[in-house]
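Q: Got a structure here, written out as structure tokens. Questions coming.
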Amino acid sequence: MKSAVIVFPGSNCDRDVAIALKKFKFENQMVWHNDLTLPKTDLVVLPGGFSYGDYLRCGCIASKSKIMSDVIQHSKRGGLVLGICNGFQVLIETGLLPGILLRNKKLKFLAKNVFLKILNLNNKFTSSYKKKKIITLPIAHNEGNYFANDNILKNLEDKNLIPFKYCDKNGNIKKEFNPNGSSNNIAGILNSEKNILGMMPHPERLIDPLLSGEDGSILFESLIGI
Amino acid sequence: MKMTPELINKHGIKPEEYNTIKKLLKREPNLLELGIFSAMWNEHCSYKSSKKYLKTLPTKNKKVIQGPGENAGIIDIGDNDALVFKIESHNHPSFIEPFQGAATGVGGILRDVFTMGARPIATLNSIHFGSHNNPKTKNLLNGVVSGIGSYGNCMGVPNVGGEVKFNDCYNENILVNAMAVGLVKKNKIFFSKAQGLNQPVIYVGSKTGRDGIHGASMASAEFDENSEEKKPTVQVGDPFTEKLLLEACLELMEDDSIISIQDMGAAGLTSSSVEMAAKGNLGIEINLDQVPCREDKMEPYEMMLSESQERMLLILKSGKEEKANKIFDKWNLDFSIIGKTTNTKKLILNFKNEEVANIPLTALSSDVPIYDRKWVKTASTKKVKKMENTKYLRLSEALKKILVSPNNSEKSWVWEQYDHTVMGDTIQKPGGDAAVVRVHQQKKGVAMTIDSSAHYCFADPTTGGKQVVCESWRNLISVGANPIAITNCLNFGNPEKEKIMGQFVESIDGISQACQYLDFPVVSGNVSFYNETHNKGIMPTPTIGGVGLIEDLNNMMTKSFKEINNYIYVVGKTSGHVYQSEFYRVVMNIKNGPPPDVNLFNEKNNGLAIKELILKKLLTSVHDISSGGIMVALAEMCISGKIGANIQMPKSNINMHEYLFGEDQSRYLIEVNKKNKKEVSDFLEKNSIFYELLGKTQNDSLKIEKEFEIKLSELTQLNTFWFKNYFKEN
Chain D
3 MKSAVIVFPG SNCDRDVAIA LKKFKFENQM VWHNDLTLPK TDLVVLPGGF
53 SYGDYLRCGC IASKSKIMSD VIQHSKRGGL VLGICNGFQV LIETGLLPGI
103 LLRNKKLKFL AKNVFLKILN LNNKFTSSYK KKKIITLPIA HNEGNYFAND
153 NILKNLEDKN LIPFKYCDKN GNIKKEFNPN GSSNNIAGIL NSEKNILGMM
203 PHPERLIDPL LSGEDGSILF ESLIGI
Chain Z
166 MKMTPELINK HGIKPEEYNT IKKLLKREPN LLELGIFSAM WNEHCSYKSS
216 KKYLKTLPTK NKKVIQGPGE NAGIIDIGDN DALVFKIESH NHPSFIEPFQ
266 GAATGVGGIL RDVFTMGARP IATLNSIHFG SHNNPKTKNL LNGVVSGIGS
316 YGNCMGVPNV GGEVKFNDCY NENILVNAMA VGLVKKNKIF FSKAQGLNQP
366 VIYVGSKTGR DGIHGASMAS AEFDENSEEK KPTVQVGDPF TEKLLLEACL
416 ELMEDDSIIS IQDMGAAGLT SSSVEMAAKG NLGIEINLDQ VPCREDKMEP
466 YEMMLSESQE RMLLILKSGK EEKANKIFDK WNLDFSIIGK TTNTKKLILN
516 FKNEEVANIP LTALSSDVPI YDRKWVKTAS TKKVKKMENT KYLRLSEALK
566 KILVSPNNSE KSWVWEQYDH TVMGDTIQKP GGDAAVVRVH QQKKGVAMTI
616 DSSAHYCFAD PTTGGKQVVC ESWRNLISVG ANPIAITNCL NFGNPEKEKI
666 MGQFVESIDG ISQACQYLDF PVVSGNVSFY NETHNKGIMP TPTIGGVGLI
716 EDLNNMMTKS FKEINNYIYV VGKTSGHVYQ SEFYRVVMNI KNGPPPDVNL
766 FNEKNNGLAI KELILKKLLT SVHDISSGGI MVALAEMCIS GKIGANIQMP
816 KSNINMHEYL FGEDQSRYLI EVNKKNKKEV SDFLEKNSIF YELLGKTQND
866 SLKIEKEFEI KLSELTQLNT FWFKNYFKEN
């Protein structure tokens with residue numbers, strides 16, 4: 003399976019996700035934001051970081067990068083797109099995913115491990131989580147507070163487009179286990195066709211027992227089809 | 166412009182120093198030249214009060230590749246890998262403008278590391294604030310923590326450890342010490358020494374603005390009621406540009422285009438150009454018309470003294486300009502050829518077709534006045550009478566008081582604002598004895614710790630200096646690392662005062678003795694004097710950043726208790742020294758008395774034994790005993806492991822409070838599985854190491870037989886209470 007990681011000025015999880023992809027045998031290429039076309043690829047990853055320094059609005063300037071028109075084309079053709087953290091913010095800014103990401107409720111950057119409940123197994127990104135439905139992943143963001151109007155939220159819930167919600171270790175989804183104040187404890191969402199996933203937690207940071215867990219590995223296993 | 170005594174004084178130059186300048190130039194300087202002298206001759210850049218003593222520190226061992234004198238120190242960690250690291254203070258600016266001051270402190274230290282060709286792999290920091298009751302503290306703490314976070318998070322370098330302390334003495338002078346560690350291939354290290362004639366001098370990075378002018382001079386003077394007015398001397402950071410600069414520099418460093426490179430830190434363009442040329446024994450000529458400026462009509466004086474951030478000066482091999490320009494263009498950074506190396510041994514500046522400065526480089530480097538300042542020995546503090554009523558003081562109450570005190574509280578409020586897992590190699594996160602970061606895609610790991618013990622140093626600078634080096638060493642041992650070298654940040658008051666200078670001289674002596682004995686040399690560092698306001702200085706606060714290597718991460722150790730029914734031992738002799746302890750300070754409100762003695766022989770012997778036991782896989786957890794003594798160390802092991810402990814006091818003629826809360830040095834708590842009990846005790850006995858059995862691990866609670874039992878949930882709640890309450894969070 004082929005993958006392409008887009009590198010924006012200020013991306014800083016590009017290397018991490020590339021290493022994760024290689025570990026799971028993706029043929030990966032790094033793609034510079036100024037390129038006009040994507041190489042032949044099955045999966046496009048928009049990595050975490052601070053593209054353009056988060057200036058103006060997180061992900062906003064990156065969403066207007068030259069490469070993004072081809073990323074949008076790729077997604078319209080049904081190609082897979084994964085946006086992690088800042089990548090999620092870019093997806094929101096391009097309009098590929100609905101809603102917005104506000105500043106965290108406590109107005110502080112927050113880096114910690116959180117519990118997540120997997121609520122949709124019927125897509126290319128999370129299917130392998132059937133073996134483990136309550137997982138731990140790190141978050142590290144300042145603007146991860148997902149917000150959307152009631153119609154959008156209802157649509158996401160009704161169509162089961164929310165694969166990750168913040169919860170406690172037993173899988174209870176309650177306000178007090180929500181680190182950033184997001185609507186409905188949302189940690190990640192899919193588009194209606196389920197070929198685009200945006201998520202705040204970082205699966206690429208937990209792919210190794212030495213890093214205190216491998217719950218992130220399962221996402222890459224799903225994608226490669228293990 | 167006429168040189169008046171006021172003007173000279175405003176530049177922080179003493180009348181006798183001005184006379185020396187005139188002699189060196191054989192004429193009066195012009196204003197620009199005076200500014201340049203002021204930038205190079207101030208304490209911060211010249212180390213004129215400290216140099217004599219810094220020279221006495223041990224700086225070499227088999228692993229040291231580069232000691233002090235470069236942008237950062239470098240040690241060999243095998244397989245053609247080397248670590249580049251340094252600590253630096255940003256105290257003065259952070260007090261005036263906490264967010265930007267702290268942020269640019271991180272930016273500066275990261276540049277020091279990647280200037281040498283290394284990719285930064287971790288940052289740490291030691292921050293000291295005034296009393297939590299001081300009305301300024303909350304804002305300063307908030308500002309500093311968000312500033313550190315904003316810069317490091319954006320750079321994508323994990324912030325893996327540090328310390329946060331509070332004391333009245335920092336009310337008007339906070340300390341912000343930032344450390345960075347980078348990884349480089351041994352054959353790809355870059356240095357700052359210029360070489361070759363007529364080689365192009367290149368300016369890259371951000372444009373020069375009017376920020377930070379005279380920042381280094383500010384850091385070389387005391388504060389007074391007008392310190393607020395110094396706000397314009399604080400630089401404003403742009404971590405995004407620095408991230409681009411990092412990537413661009415590392416890309417250019419992949420081949421051999423660069424002859425030498427130096428970041429523009431304190432005293433900006435002045436110090437970088439002077440240092441590069443002086444080290445190479447060359448001259449340098451700069452055309453200031455070519456300096457990229459952020460604002461219109463900037464004068465040479467402003468360009469030379471600006472401390473705008475995210476800038477570098479390079480000397481390229483001639484002919485490589487176009488290739489280099491392309492890389493910086495790709496990363497959208499300014500690239501300008503601003504001058505060349507010459508054989509004049511002078512700094513010559515031209516502006517609008519006129520020579521505006523002409524200074525022999527020696528006048529700015531080797532001829533900088535060095536002071537042999539007068540100092541007095543620190544008077545030893547008297548032991549007050551020991552408290553006899555402690556038997557009426559419940560142990561559990563004392564423990565609780567310490568656990569909820571700001572200095573001993575768990576600090577996740579701080580480090581959760583720092584991205585500590587980016588780069589995917591953070592194996593031991595903040596909160597342990599030392600942080601551990603894996604060497605990318607290898608089985609070895611780098612252990613790092615940052616420590617200070619101002620109370621000990623204040624009571625006895627020599628012992629305190631020794632102790633803080635030992636604590637750093639012990640923290641590295643506790644995670645299973647082989648300690649290699651340190652970087653130090655020496656924070657003191659006004660060195661023109663004999664008492665302060667005495668604290669400095671004696672602390673250095675203590676640091677030096679311990680470094681020598683433990684083969685733990687100083688490879689880089691920074692001195693911050695003049696941490697004084699209204700004539701009142703801080704306690705002497707040498708901060709030590711220690712670095713070690715874990716050859717195989719499978720042998721890494723942590724402080725968390727791992728399983729129930731294991732034995733708990735204290736290794737090292739407990740004599741119950743409670744003066745200068747957290748127990749005396751927090752619970753008994755006693756501040757006098759000497760710090761605990763440091764016996765370097767025991768320190769080394771005990772430490773090497775622990776290291777060996779870890780390597781033999783005979784221990785399941787290890788924690789060094791430091792502030793709060795055995796009692797607090799036990800509580801911390803319970804809290805982080807979510808496992809309790811049942812302690813039977815060993816038979817001892819030491820008062821129980823003193824036994825449990827004493828801060829005797831060179832001690833560790835270890836957890837041992839039953840099956841290894843004999844082998845561990847045999848090993849310790851064979852090596853003549855004192856140890857005592859304390860008890861066993863158990864479920865759910867920390868219990869001292871016949872005294873008290875506290876649930877783990879309560880311990881955790883107590884330990885995390887203070888920060889949440891201070892910032893009124895749920």
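Chains D and Z supply the protein sequences, listed in that same order. Using this note's numbering, the letters of the first sequence map in sequence onto residues 3 to 228. Using this note's numbering, the letters of the second sequence map in sequence onto residues 166 to 895. Even glycine gets a Cβ: it sits at the ideal position worked out from N, Cα and C. Here the structure is a predicted model, which is why all the values come from computation and not from measurement.
1) Using 8 Å as the threshold, is the C-beta distance between Ile-503(Z) and Met-441(Z) below it?
2) Measuring straight from C-alpha to C-alpha, what distance separates Gly-218(D) and Asn-719(Z)?
3) Alpha carbon to alpha carbon, what distance is there between Val-644(Z) and Leu-213(D)?
4) Can you list the residues of chain D that Pro-404(Z) reaches, using a CB-CB cut of under 8 Å?
5) Do Leu-362(Z) and Ser-438(Z) come within 8 Å of each other at the CB atom, strictly closer than that value?
6) Mind checking who Arg-79(D) pairs with in its DSSP beta bridge?
7) Rounded to whole angstroms, what is the Cα-Cα separation between Trp-578(Z) and Leu-529(Z)?
8) Between the Cα of Gly-430(Z) and the Cα atoms of Ser-371(Z), Val-329(Z), Glu-412(Z) and Met-418(Z), which residue gives the shortest distance?
9) Give the interface partners of Phe-15(D) over in chain Z, defined as CB-CB distance under 9 Å, in chain order.
10) What in chain D is Cβ-close to Asp-584(Z), meaning under 7 Å?
11) Would Gly-314(Z) pass as an interface residue toward chain D - the criterion being a Cβ-Cβ separation below 8 Å?
12) Among Thr-586(Z), Glu-262(Z) and Glu-857(Z), whose alpha-carbon lies nearest the alpha-carbon of Lys-114(D)?
13) Who are the Cβ neighbours of Ile-779(Z) in its own chain at under 7 Å, not counting the five residues just before and after it?
14) Counting contacts by CB-CB distance shorter than 8 Å, is Tyr-368(Z) in contact with chain D?
15) Is the distance from the Cβ of Thr-698(Z) to the Cβ of Phe-388(Z) below 8 Å?
16) CA-CA distance, Asn-895(Z) and Gln-882(Z)?
17) Gly-737(Z) to Leu-858(Z), Cα distance in whole Å?
18) Can you find a CB in chain Z that lies within less than 8 Å of the CB of Arg-207(D)?
19) For the alpha helix (DSSP H) that Arg-276(Z) lies in, which residues bound it at each end?
20) Between the stretch 628-644 of chain Z and the stretch 674-687 of chain Z, do three or more beta carbon pairs fall short of 8 Å?
21) Would DSSP call Gln-668(Z) helix, strand or coil?
22) Leaving out five residues on either side along the sequence, give the residues of the same chain with a beta carbon under 6 Å from the beta carbon of Ile-137(D).
23) Taking its Cβ as the centre, do 16 or more other Cβ atoms sit within 10 Å of Val-349(Z), making it buried, or is it exposed?
24) Can you list, in chain order, the stretches of the alpha helix (DSSP H) that have 4 or more residues and sit fully within the stretch 180-212 of chain Z?
25) When the cut-off is 8 Å and only beta carbons count, does Pro-11(D) lie next to chain Z?
26) I want to see whether chain Z comes within less than 8 Å of Ile-21(D), judged by CB atoms only; does it?
27) Which term fits Trp-34(D), buried or exposed, when burial requires 16 or more other beta carbons within 10 angstroms of its beta carbon?
28) Does DSSP put Cys-622(Z) in a helix, a strand or coil?
29) Applying a beta-carbon distance threshold of less than 8 Å, which residues of chain D neighbour Arg-276(Z)?
30) How far does the alpha helix (DSSP H) with Asp-18(D) in it extend, from its first residue to its last?
31) Between the beta-carbon of Gly-809(Z) and the beta-carbon of Asp-865(Z), is there less than 8 Å?
32) Using the beta-carbon of each residue, which ones in chain Z are nearer than 8 Å to Asp-170(D)?
33) At 9 Å on the CB atoms, spell out the chain Z contacts of Leu-213(D), in chain order.
34) Taking the alpha helix (DSSP H) that Phe-90(D) falls in, what are its first and last residues?
A: Answer, in terms of the structure:
1) No. Outside cutoff.
2) 21 Å
3) 15 Å
4) Phe-52 and Gly-55
5) Their beta carbons are not under 8 Å apart, which means Ser-438(Z) does not touch Leu-362(Z) by this criterion.
6) The bridge partners DSSP lists for Arg-79(D) come to none.
7) Their Cα atoms are separated by approximately 45 Å.
8) Ser-371(Z)
9) It is worth fixing the name first, because residue 15(D) is Cys in this sequence and not Phe. In chain order: Gly-321, Val-587, Met-588 and Gly-589.
10) Ala-113 and Ala-142
11) yes
12) Thr-586(Z)
13) Gly-645, Asn-720, Met-722 and Val-787
14) For Tyr-368(Z), the answer is no, since every Cβ of chain D falls outside 8 Å of its Cβ.
15) Contact flag set, yes.
16) Caution applies to Asn-895(Z), whose pLDDT of 47 falls short of 50 and renders its modelled position unreliable; the value that the coordinates give is listed next. So the alpha carbons of these two residues sit roughly 12 Å apart.
17) Answer to the nearest angstrom: the Cα atoms are 11 Å apart.
18) For Arg-207(D), the answer is yes, since a Cβ of chain Z falls inside 8 Å of its Cβ.
19) If you look at Arg-276(Z), you'll find it in the alpha helix (DSSP H) that goes 263-279.
20) yes
21) helix
22) Once the five neighbours on either side are set aside, the close Cβ partners of Ile-137(D) are Leu-118 and Asp-217.
23) buried
24) 180-190, 196-206 and 208-211
25) yes
26) yes
27) exposed
28) helix
29) Ordered by position in chain D, no residue passes the 8 Å Cβ test against Arg-276(Z), which lies about 16 Å from the chain.
30) Counting along the chain, the alpha helix (DSSP H) containing Asp-18(D) begins and ends at 16-25.
31) yes
32) Neighbours of Asp-170(D) on chain Z: none; closest Cβ ~15 Å, over 8 Å.
33) Going along chain Z in sequence order, the residues near Leu-213(D) (Cβ under 9 Å) are Thr-586, Gly-589, Asp-590, Thr-591, Ile-592 and Arg-603.
34) 88-96
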